[in-house]
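The next block holds one structure in the form of structure tokens; read it before the comments.
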Amino acid sequence: MLTIDQATYDAIVAHAKRDHPDEACGVVAGPEGSDRPERFVEMVNAAGSPTFYEFDSTDLFQLYKEMDANDEEPVIVYHSHTATEAYPSRTDIGLASEPNAHYVLVGTRDHGNNDGPVEFRSYRIVDGEVTEEEVAVVPTLTPATTEPATTESEV
Amino acid sequence: MAIEVRIPTILRTYTGGEKAVSAEGTTLTGLIDDLEANHPGLKDRLLDGPDLRRFVNVYINDEDVRFIGGLEAELTDGDQVVVLPAVAGG
Chain E
1 MLTIDQATYD AIVAHAKRDH PDEACGVVAG PEGSDRPERF VEMVNAAGSP TFYEFDSTDL
61 FQLYKEMDAN DEEPVIVYHS HTATEAYPSR TDIGLASEPN AHYVLVGTRD HGNNDGPVEF
121 RSYRIVDGEV TEEEVAVVPT LTPATTEPAT TESEV
Chain X
156 MAIEVRIPTI LRTYTGGEKA VSAEGTTLTG LIDDLEANHP GLKDRLLDGP DLRRFVNVYI
216 NDEDVRFIGG LEAELTDGDQ VVVLPAVAGG
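Same order as they appear, the protein sequences are chains E and X.
Residue numbers for the first sequence follow the numbering used here, beginning at 1 and rising by one.
Residue numbers for the second sequence follow the numbering used here, beginning at 156 and rising by one.
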């Protein structure tokens, strides 16, 4: 399951709507091994295309250098599909190279640049195999510590 | 002469999980052959026939090798090589 906070969710959707009809792309980085998407990083689609996306190679290098320096990894790799279902294409599957990442697909075909619901779906893509997972949007991510929360009542 | 090569997650199966390995070579081609000798299978993941794979990026000291001679790019002792798969799709 992907757990994402509302602000990050909204930022991804806003980016996808803004770049429609071209595909939008980016990552949400988080501490290595934490599975916490904390740092939203919008990337430029160097392909500038409605059917393809690719991070610019220099931007990609800078991003990974930054993540390396911060002990982060890409927790989410997102991109949009602007005319088709928000499901990984054959190209997406063939090029997926982050087995630990949640691959988020946003579908903007219904409302384009305008307000209105989008498809927002998440997948694991490992060794060419796609597994869709549930997306939980929470107001904010719970604190990173593993200390038991003493002030919150149990539900 | 030693050159540090940073290996992306997806290719660490070839390096026993190591994030970085040491290799030798005076050109990128030579370096890749040396990598292959110690980590069999890696070369095929980097090259498509005689060329660098379209969706594999290799950087020497922060520069994409496509701008500095490709596989003929020269290396010297102490250089750092980074391999990153493209983040791309359709």
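Positions of the beta carbon are idealized from the N, C-alpha and C atoms, including for glycine.
Go through its chain and collect everything with a Cβ distance to residue 194 (chain X)'s Cβ below 8 Å, but skip five positions before and after it.
Taking the second sequence and counting its residues from 1, one reaches residue 194 (chain X) at position 39. If we look at residue 194 (chain X) and ignore the five residues flanking it on each side, its Cβ neighbours are 169, 170 and 176.
Between the Cα of residue 51 (chain E) and the Cα atoms of E:75, E:39, E:5 and E:19, which residue gives the shortest distance?
As a position in the first sequence, residue 51 (chain E) is number 51, starting the count at 1. Among E:75, E:39, E:5 and E:19, the Cα nearest to that of residue 51 (chain E) is on E:19.
Using a Cβ-Cβ cutoff of less than 7 Å, which residues in the same chain neighbour residue 162 (chain X) once the five nearest sequence positions on both sides are dropped?
In the second sequence, residue 162 (chain X) corresponds to position 7, counting from 1. Excluding positions up to five away in sequence, the list reads 170, 173, 174, 175, 176 and 238.
Could you pull the start and end residues of the alpha helix (DSSP H) that residue 67 (chain E) belongs to?
For the purposes of this step, residue 67 (chain E) is identified with residue 67 of the first sequence, where counting begins at 1. For residue 67 (chain E), the enclosing alpha helix (DSSP H) starts and ends at 57-69.
Taking 8 Å as the cut-off, does the stretch 3-12 of chain E touch the stretch 31-45 of chain E (at least 3 CB pairs, one atom from each stretch)?
Under the 8 Å Cβ criterion, the stretch 31-45 of chain E counts as touching the stretch 3-12 of chain E, having at least three qualifying pairs.
Cutoff 6 Å; reference residue 190 (chain X); Cβ partners in own chain excluding five residues on either side:
Start at 1 with the first residue of the second sequence, and residue 190 (chain X) comes out as number 35. For residue 190 (chain X), the CB contacts under 6 Å within the same chain, skipping 5 residues up- and downstream, are 178 and 197 in chain order.
For residue 26 (chain E), does the count of other Cβ atoms within 10 angstroms reach 16, so buried, or fall short, so exposed?
One-based indexing of the first sequence puts residue 26 (chain E) at position 26. Answer is buried; the Cβ neighbour count reaches 16.
Using the Cβ count rule (16 or more neighbours within 10 Å means buried), how would you classify residue 28 (chain E)?
What you label residue 28 (chain E) is simply residue 28 of the first sequence in a count that begins at 1. The residue in question, residue 28 (chain E), is buried, as its Cβ has 16 or more Cβ neighbours within 10 Å.
Along the stretch 82-95 of chain E, where does the CB come closer than 7 Å to a CB of chain X? Name the residues.
The stretch 82-95 of chain E vs chain X, Cβ under 7 Å: 89, 91, 92 and 95.
Go through its chain and collect everything with a Cβ distance to residue 8 (chain E)'s Cβ below 7 Å, but skip five positions before and after it.
Start at 1 with the first residue of the first sequence, and residue 8 (chain E) comes out as number 8. Correct list, in chain order: 28, 37 and 40.
Helix, strand or coil: how does DSSP classify residue 155 (chain E) here?
Counting from one through the first sequence, the residue named residue 155 (chain E) turns up at place 155. With a pLDDT of only 49 at residue 155 (chain E), under 50, the local geometry of the prediction cannot be trusted, and the value read off the model is given with reservation. Here DSSP, grouped into helix, strand and coil, assigns residue 155 (chain E) to coil.
So, with DSSP's three-state summary, where would you put residue 201 (chain X)?
What you label residue 201 (chain X) is simply residue 46 of the second sequence in a count that begins at 1. Three-state DSSP puts residue 201 (chain X) in a helix.
Rounding to the nearest angstrom, what Cα-Cα distance links residue 67 (chain E) and residue 160 (chain X) in this structure?
Stepping through the first sequence from its first residue, residue 67 (chain E) is reached at position 67. Stepping through the second sequence from its first residue, residue 160 (chain X) is reached at position 5. Approximately 17 Å between the Cα atoms of the pair.
Tell me the rounded alpha-carbon separation between residue 81 (chain E) and residue 16 (chain E).
The residue given as residue 81 (chain E) occupies position 81 in the first sequence. The residue given as residue 16 (chain E) occupies position 16 in the first sequence. One C-alpha to the other measures close to 9 Å.
So who's on the other strand from residue 29 (chain E), going by DSSP bridges?
Along the first sequence, one-based indexing puts residue 29 (chain E) at 29. In DSSP, residue 29 (chain E) forms a bridge with E:39 and E:74.
Count the CB pairs spanning the stretch 117-128 of chain E and the stretch 197-214 of chain X that are closer than 8 Å, and state whether there are at least three.
Because the criterion of three Cβ pairs below 8 Å is not met, the stretch 117-128 of chain E and the stretch 197-214 of chain X do not touch.
Between which residues of its own chain and residue 71 (chain E) is the CB-CB distance below 8 Å, once the five residues before and five after are set aside?
Stepping through the first sequence from its first residue, residue 71 (chain E) is reached at position 71. Correct list, in chain order: 31 and 32.
Secondary structure at residue 212 (chain X), three-state DSSP: helix, strand or coil?
Position 57 of the second sequence, counting from 1, holds the residue named residue 212 (chain X). The answer is strand: DSSP assigns residue 212 (chain X) an E or B state.
Please state if the CB of residue 158 (chain X) and the CB of residue 250 (chain X) are separated by a distance shorter than 9 Å.
Residue numbering for chain X in the displayed model covers 156 to 245; residue 250 (chain X) lies beyond these limits and cannot be assessed.
Neighbouring residues, chain X, relative to residue 122 (chain E) (Cβ below 9 Å):
As a first step, residue 122 (chain E) is located in the first sequence; it is residue number 122 there, counting from the start. For residue 122 (chain E), there are no neighbours in chain X by C-beta distance under 9 Å, as the nearest C-beta there is about 15 Å away.
Those residues which DSSP pairs with residue 244 (chain X) across a bridge:
What you label residue 244 (chain X) is simply residue 89 of the second sequence in a count that begins at 1. Residue 244 (chain X) is bridged to E:53.
Step through the CB atoms of chain X and report whether any lies within less than 9 Å of the CB of residue 1 (chain E).
Counted from its first residue, the first sequence places residue 1 (chain E) at position 1. Judged by the 9 Å Cβ criterion, residue 1 (chain E) is not in contact with chain X.
For residue 111 (chain E), count the other beta carbons within 10 Å of its own beta carbon; 16 or more makes it buried, fewer makes it exposed. Which is it?
The residue you call residue 111 (chain E) lines up with position 111 of the first sequence. Answer is exposed; the Cβ neighbour count stays below 16.
Counting contacts by CB-CB distance shorter than 9 Å, is residue 57 (chain E) in contact with chain X?
On the first sequence, position 57 is the one that residue 57 (chain E) refers to. It does: the Cβ of residue 57 (chain E) has a partner Cβ on chain X nearer than 9 Å.
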